[in-house]
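Counting in our numbering, the sequence shown runs from 102 upward without gaps. Here a beta-carbon is modelled for each residue, glycine too, at the ideal position from N, C-alpha and C. Taking it in order: structure first as structure tokens, then the write-up.
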Amino acid sequence: MSFSSEVDHPAIRIRGLAKSYGDVPALCGIDLDIRRGQFFGLLGPNGAGKSTTIHILTGLVTFADGDVRVLGHDVVREYRLTRRQIGLAPQEFNFDRFFPVREILVLQAGYYGIPRREAGRRADELLERFGLSSKAGDKIWKLSGGMKRRLLIAKAMIHDPDILILDEPTAGVDVELRRALWVYLRKLNAEGKTILLTTHYIEEAEELCEEVAIIDRGRIVARGSPDELVQAGGERHLEIRLTAPPESLPEAVTSRDYFVEDDRVVIRVPHPRRIVAEVLNGLYAQDLKITEVRIKESSLEEVFVQLTGRTIDSGLGEPANGAADAEEPEEELHEV
Ligand code: ADP
102 MSFSSEVDHP
112 AIRIRGLAKS
122 YGDVPALCGI
132 DLDIRRGQFF
142 GLLGPNGAGK
152 STTIHILTGL
162 VTFADGDVRV
172 LGHDVVREYR
182 LTRRQIGLAP
192 QEFNFDRFFP
202 VREILVLQAG
212 YYGIPRREAG
222 RRADELLERF
232 GLSSKAGDKI
242 WKLSGGMKRR
252 LLIAKAMIHD
262 PDILILDEPT
272 AGVDVELRRA
282 LWVYLRKLNA
292 EGKTILLTTH
302 YIEEAEELCE
312 EVAIIDRGRI
322 VARGSPDELV
332 QAGGERHLEI
342 RLTAPPESLP
352 EAVTSRDYFV
362 EDDRVVIRVP
372 HPRRIVAEVL
382 NGLYAQDLKI
392 TEVRIKESSL
402 EEVFVQLTGR
412 TIDSGLGEPA
422 NGAADAEEPE
432 EELHEV
């Protein structure tokens, strides 16, 4: 079968997807396009509908309404074909604790009809790339949490799919391990794999994803690059306090949108962090003494609260604590 026409199709295209479990609506008509080669994040709290979406993509869950395509193929009518294009790393570890690590991969290859010798070659290659070669003969229970996470991803890749779907790949993993996993994921994407991950870690979406869709109660409430979402989300500025009201200011300030209020200088720019050094140097050059520097940037977390009225960790139904009149979150850079 020729896949040449797939080049023209997005990796994933979802239209009008609706799904209920009995009376519980899980997805209320979502549309989603993910380009080939994209690193895409589905960001939402528990119960938002993330797992349901990816289980529909991988044929694990049926749905009532909508059209779901993988590389142009219908996930229901052409299930066998679409399933082969996707590697799924589920949220829960799905292997027998007493199985040896390498065998898990060889067995998985068998499900895709890959001959044993080729399966062994692929398993060794994947163990190598995920830093698990020295564990090849060990039983699963001997692996650390981070190693098991890597094995889950290796297993998802054994049939060399174009698209990797990762359901909360770093759930419950500490910050250091999470960052280590990100390195692997970035590399896979740089090599051309399309990656769709679900996460409720805002930082993960900001760090990894070119594009994010925020999903809440079965609806996609926003989508765009993390930068675009954040920029649409409100005021961003650099605020500097001086020891006294300034008589004059350097060009680094006056060439921008700014105002002065007593000893406070506020410069409104889309990326305040980027101008800190230039502005401070300008102020120092005019012998102005600085007592405090603050950056105000709305974060993806704030955007999420604005859109949904809840924090991402609050789960379903709980309103964000004082979402509407939350204190201005400001980041203190340093005090002099
Ligand atoms: P997420 O992955 O974002 O946490 P899910 O897709 O798991 O969200 O869940 C979406 C909604 O569907 C939630 O209200 C959840 O309780 C419900 N749900 C998910 N799976 C089932 C199931 N097997 N049976 C009944 N309800 C379910």
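Opening and closing residue of the beta strand (DSSP E) in which residue i lies
i	result
Asp268	264-268
Ile155	No beta strand (DSSP E) holds Ile155; the alpha helix (DSSP H) holding it covers 151-158.
Glu312	312-317
Val366	365-369
Cβ neighbours of residue i in the same chain (closer than 7 Å, five flanking residues each side left out)
i	result
Phe200	Lys240, Ile241
Phe360	Val367
Leu289	Leu265, Ile296
Leu330	Val313, Ala323, Leu401, Val404
Gly293	Gly138
Phe140	Asn290, Ile296, Leu309, Cys310, Glu311
Trp283	Glu308, Leu309
Glu379	Ala353
Best match in the options for proximity to residue i [C-alpha to C-alpha]
i	options	result
Arg116	Val176, Arg230, His301, Ile296	Val176
Ala314	Asp109, Gly145, Ala127	Gly145
Glu311	Phe360, Ser326, Glu336, Asp124	Ser326
Gly232	Glu307, Arg251, Thr153	Arg251
Thr153	Ala257, Thr183, Ala306, Ala119	Ala119
Lys151	Asp225, Val171, Ile266, Ala210	Ile266
Glu308	Gly160, Gly142, Asp168, Gly130	Gly142
Asp328	Gln209, Pro371, Asp358	Pro371
His44	Leu244, Arg223, Phe140, Glu229	With the chain running from 102 to 437 in the structure shown, residue 44 is simply not present.
Ala64	Tyr212, Leu343, Ile157	A question about residue 64 goes unanswered here, because the residues of the chain that appear run from 102 up to 437.
Glu229	Lys256, Gly214, Glu277, Lys397	Lys256
Ala345	Val125, Leu384, Asp132, Glu269	Leu384
Thr300	Arg184, Arg178, Tyr180, Pro191	Pro191
Val125	Gly148, Arg136, Ala112	Gly148
Val162	Asp132, Ser121, Leu286	Ser121
Tyr180	Gly160, Asp268, Val202	Gly160
Ala112	Arg136, Val274, Gly123	Arg136
Gly273	Glu226, Gly247, Glu219	Gly247
Beta-carbon proximity list for residue i, same chain, < 6 Å, skipping 5 on both sides
i	result
Lys249	Phe194
Pro262	Gln186, Ile187, Gly188
Glu429	At Glu429, the pLDDT of 39 sits below 50, so the modelled position is not reliable; the number obtained from the coordinates is stated separately. Around Glu429: no qualifying Cβ.
His110	Leu172, Gly173
Arg114	Asp134, Arg170
Glu340	Val367, Arg395
Arg320	Cys129
Glu431	For Glu431, the predicted model reports a pLDDT of 41, less than 50, meaning its position is unreliable; a value from the coordinates is still stated below. Only Arg395, Lys397 meet the Cβ criterion.
Arg342	Asp364, Arg365, Thr392, Glu393
Leu253	Ala190
Asp388	none
Glu362	none
N- and C-terminal bounds of the alpha helix (DSSP H) containing residue i
i	result
Leu401	401-409
Arg184	180-186
Ala386	373-386
Gly247	246-257
Gly221	217-230
Ala353	352-355
Tyr359	Segment 358-362 is the beta strand (DSSP E) holding Tyr359; no alpha helix (DSSP H) there.
Val207	202-212
Leu289	276-291
Leu94	This structure cannot speak to residue 94, because the chain is shown only from 102 to 437.
Residue(s) in a DSSP beta bridge with residue i
i	result
Tyr122	Val125
Thr299	Leu143, Asp268
Val171	Ile113, His174
Leu389	Answer is none; Leu389 lacks a bridge partner.
Asp134	Arg114
Leu189	Ile266
Ile321	Ile316
Asp166	Ala119
Lys240	Pro201
Own chain, CB closer than 8 Å to residue i, minus 5 neighbours either side, in chain order
i	result
Ala386	Pro351
Val322	Ile315, Ile316, Leu408, Thr409
Arg279	Thr271, Tyr302, Glu305
Glu79	Given a span of 102 to 437 for the chain in the structure shown, any question on residue 79 remains unanswerable.
Asp358	Ile368, Arg369, Val370
Ile376	Leu339, Ala353, Arg357, Ile368, Val370
Asp132	Ile115, Arg116, Gly117, Leu118, Ile321
Distance cut-off 6 Å: residue i Cβ against heavy atoms of the ligand NAP
i	result
Val406	With respect to small molecules bound, the structure shown includes the ligand ADP and not the ligand NAP.
*Around the ligand ADP, which residues pass a check of Cβ closer than 6 Å to any of its heavy atoms?*
Tyr122, Val125, Ala127, Gly145, Asn147, Gly148, Ala149, Gly150, Lys151, Ser152, Thr153
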